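Participant:
2 protein chains.
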Amino acid sequence: MATSLEKAKQNPDSMKAKILDAARRIFGEYGFHGTTTRMIAKAVGIDISTLYYHWGEKGDLYEAVIRDINDGMGKKLEEVEKKIKGRPLSERLEIAIEDMVDYLFEHPEISNLTLFRYFMKTRHGKELDVRVPEYLSDIAYSMGLAEDRRNVSTEAKMKVLFIMNAIHNFISGENFFRPMMQHDRNAYIQATKDTLNFFNLAAFT
Amino acid sequence: MATSLEKAKQNPDSMKAKILDAARRIFGEYGFHGTTTRMIAKAVGIDISTLYYHWGEKGDLYEAVIRDINDGMGKKLEEVEKKIKGRPLSERLEIAIEDMVDYLFEHPEISNLTLFRYFMKTRHGKELDVRVPEYLSDIAYSMGLAEDRRNVSTEAKMKVLFIMNAIHNFISGENFFRPMMQHDRNAYIQATKDTLNFFNLAAFT
DNA sequence: AGTTGATTCAATCAAATGATGGAATCAAAT
DNA sequence: ATTTGATTCCATCATTTGATTGAATCAACT
């Protein structure tokens, strides 16, 4: 059974997919309450009623966006996990950082919305369970912090959270932090990787 | 010359101060656009017109809140810096984490609003310059990452940002992360300190 | 008690916002 | 060409939200 979201992703040129893309970007920039349906519709170049026709109420569209970025993260993590399998730890860490940081800098709304959801209450709060705990355990296992995927210690989970959030921070905070560092975009991305590697290598090897 | 904010803080029982306190808490929970002036007024138990009488428009109140939490952080950082002066590095780090984490868990709206400002655009965006760069340099110096307060390398600033944001992450994300860890509040706070110490000690000593 | 200035609230506005109904348009199938 | 179903837009609602006005209340001082 194809969900509404899956159907939209099948054809990226479909109106439904275009709206979802704009919604990702704008919800990512302004958050749930900072975004109006009119802002999204205007970005796509359509009337708001068209938006409502395809996605229903604002909360449902937001929910679809969250699911979408979660799916994307899940796939990316799987991909990275396959790529680093079997290599020595320090190499695994460095490659994982390289790939994840690049991916997230290309899709900053992922970091924005992820952090936004961690930190902020929303007034008409739907809960919308996500798979964070599973991801955490998978990553912990992949980093050699646990013998068993299904039995990861709290310490290990905290360490993974620490690293994952640190990555998101640098991506989401780019507009704020980069001017402070007087870096151009590429230098800032490199500095992000360097900093992450510095802490990671010191802590885990 | 006493600013409007300073005047409010002089008497914590004043209406102006009570409004500011509620505004801190609620802006911290829901963000700028997620908060309505009515929510704040209701929390204080007053009419919105009274709120407007004391603080003017919503954006001005928000600005006062930001200044307030910044002042608080500045004072706390100074206090911690004095306390750790002269001690060996590993001790300095551990004490600083202990004190800052406790302080921020007592005032979670600081972490919430700090991260919110880093990561989110606001529609009617006033910029409102804050002293982040100065704080960064001071902390870097205090952590032994720079010889000179006024000449701190980009690498050092990135490392400090990394740590500071990591602290904020655990405080702001408590409601999200703590259930995943199945910790009570105190255990979660301790786990936060342990995790921070783990990375800090590995990286800097 | 009366005057004065500061504070508070009820009532109200205008604009923004989420949402919908129905007419118009488009595209594919017949 | 007509029919049919899907899509899009215009016009419009009802509510929420930021903000103000003016009358009432309070407190301090004479």
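Quick mapping for you: the protein sequence lines, in order, are chains P and A. Going by our numbering, the first residue of the first sequence is number -4, and it counts up by one from there. Going by our numbering, the first residue of the second sequence is number -4, and it counts up by one from there. Glycine residues also receive a C-beta, built at the ideal position from the N, C-alpha and C atoms. Quick caveat, the model's predicted, so the values are computed rather than measured.
1) Taking the continuous alpha helix (DSSP H) assigned at MET115 of chain P, which residues delimit it?
2) Just curious, the alpha helix (DSSP H) that ASP16 of chain P is in, first and last residue?
3) On a Cα-Cα basis, can you pick out the residue from A:TYR113, A:THR187 and A:TYR136 that is closest to PRO174 of chain P?
4) How do the segment 150 to 164 of chain P and the segment 183 to 190 of chain A stand: do at least 3 beta-carbon pairs fall below 8 Å, yes or no?
5) Going along the chain, which residues of its own chain have a beta-carbon closer than 7 Å to the beta-carbon of GLY51 of chain P, five neighbours each way excluded?
6) Checking contacts by CB at 9 Å: is GLY81 of chain P closer than that to chain A?
7) I need the straight-line Cα distance from THR45 of chain P to HIS119 of chain P, nearest angstrom please.
8) Determine which residues of the segment 17 to 43 of chain A have a Cβ less than 8 Å from any Cβ of chain P, and write them out in chain order.
9) Flag this pair as yes or no: are the beta carbons of ASP63 of chain P and LYS4 of chain P separated by less than 9 Å?
10) State buried or exposed for GLU169 of chain P, treating a residue as buried only when at least 16 other CB atoms are found within 10 Å of its CB.
11) Contact between the segment 123 to 142 of chain P and the segment 57 to 76 of chain P: three or more CB pairs below 8 Å?
12) Let's test the definition: count the other Cβ atoms within 10 Å of the Cβ of SER282 of chain A and tell me whether it reaches 16, buried, or not, exposed.
13) Three-state secondary structure (DSSP) at THR200 of chain P?
14) Chain A partners of ARG118 of chain P, CB-CB under 8 Å?
15) Can you list, in chain order, the residues of the segment 79 to 110 of chain A whose Cβ is nearer than 9 Å to any Cβ on chain P?
16) Nearest by alpha-carbon distance to PHE194 of chain P: which of A:HIS163, A:PRO7 and A:ALA151 is it?
17) Report the neighbours of SER167 of chain A on chain P: residues whose CB is nearer than 9 Å to its CB, in chain order.
18) Inspect the CB distances between the segment 99 to 114 of chain P and the segment 23 to 35 of chain P and report whether three or more fall short of 8 Å.
19) Would GLU73 of chain P pass as an interface residue toward chain A - the criterion being a Cβ-Cβ separation below 9 Å?
20) Going along chain P, which residues have a C-beta under 7 Å from LEU156 of chain A?
21) Mind listing the chain P neighbours of ASN164 of chain A? Cutoff is C-beta to C-beta under 9 Å, in chain order.
22) For the alpha helix (DSSP H) holding ASN146 of chain P, just list the boundary residues, first then last.
23) Is GLU150 of chain A close to chain P, meaning its C-beta is less than 9 Å from at least one C-beta of that chain?
24) Can you tell me whether ARG87 of chain A is buried or exposed, with buried defined as 16 or more other CB within 10 angstroms of its CB?
25) With DSSP as the reference, label ARG87 of chain A as helix, strand or coil.
26) Closer than 8 Å between beta carbons: that is the criterion. Which residues of the segment 127 to 151 of chain A meet it against chain P?
27) Where are the alpha helix (DSSP H) runs, 4 residues long or more, that stay fully inside the segment 37 to 61 of chain A, in chain order?
28) Check each candidate in P:TYR47, P:HIS49 and P:ALA18 and name the one with the smallest Cα separation from MET34 of chain P.
29) Please compile the residues from chain P whose C-beta is within a distance smaller than 7 Å of the C-beta of MET68 of chain A.
30) Is DSSP giving ARG126 of chain A helix, strand or coil here?
31) What does the alpha-carbon distance come out to for the pair ASP55 of chain A and LEU0 of chain P?
32) Going along chain P, which residues have a C-beta under 8 Å from ALA198 of chain A?
Facilitator: This is what the structure holds:
1) MET115 of chain P -> no alpha helix (DSSP H), and no H or E assigned at all.
2) From DSSP, the alpha helix (DSSP H) with ASP16 of chain P extends over 10 to 29.
3) Comparing Cα positions, the closest option is A:TYR113.
4) Two segments are said to touch when three or more pairs of C-beta atoms, one from each, lie closer than 8 Å; by this definition the segment 150 to 164 of chain P touches the segment 183 to 190 of chain A.
5) Sequence-distant Cβ neighbours of GLY51 of chain P in its own chain, meaning closer than 7 Å and more than five residues away, do not exist here.
6) no
7) 23 Å
8) GLU24, TYR25, GLY26, PHE27, HIS28 and GLY29
9) In contact: ASP63 of chain P and LYS4 of chain P (Cβ atoms closer than 9 Å).
10) buried
11) yes
12) Because residue 282 of chain A is not part of the residues shown, which for chain A are -4 to 200, the question remains open.
13) DSSP places THR200 of chain P in coil when its eight states are reduced to three.
14) TYR25 and GLY29
15) SER106, ASN107 and LEU110
16) A:ALA151
17) LEU110, TYR113, PHE114 and MET115
18) yes
19) no
20) Ordered by position in chain P, the residues that pass the 7 Å Cβ test against LEU156 of chain A are PHE172.
21) Within chain P, the residues near ASN164 of chain A are LEU110, TYR113, PHE114, LEU156, PHE157, ASN160, ALA161, HIS163 and ASN164.
22) Looking at the DSSP string, ASN146 of chain P is not in any alpha helix (DSSP H), and its letter there is neither H nor E.
23) yes
24) buried
25) helix
26) VAL127, PRO128, LEU131, THR149 and GLU150
27) 43 to 50
28) The candidate whose alpha carbon is nearest that of MET34 of chain P is P:ALA18.
29) Correct list: empty, because the minimum Cβ distance to chain P is about 16 Å.
30) coil
31) Answer to the nearest angstrom: the Cα atoms are 40 Å apart.
32) Under the 8 Å cutoff, chain P gives PHE193, PHE194, ALA197 and ALA198.
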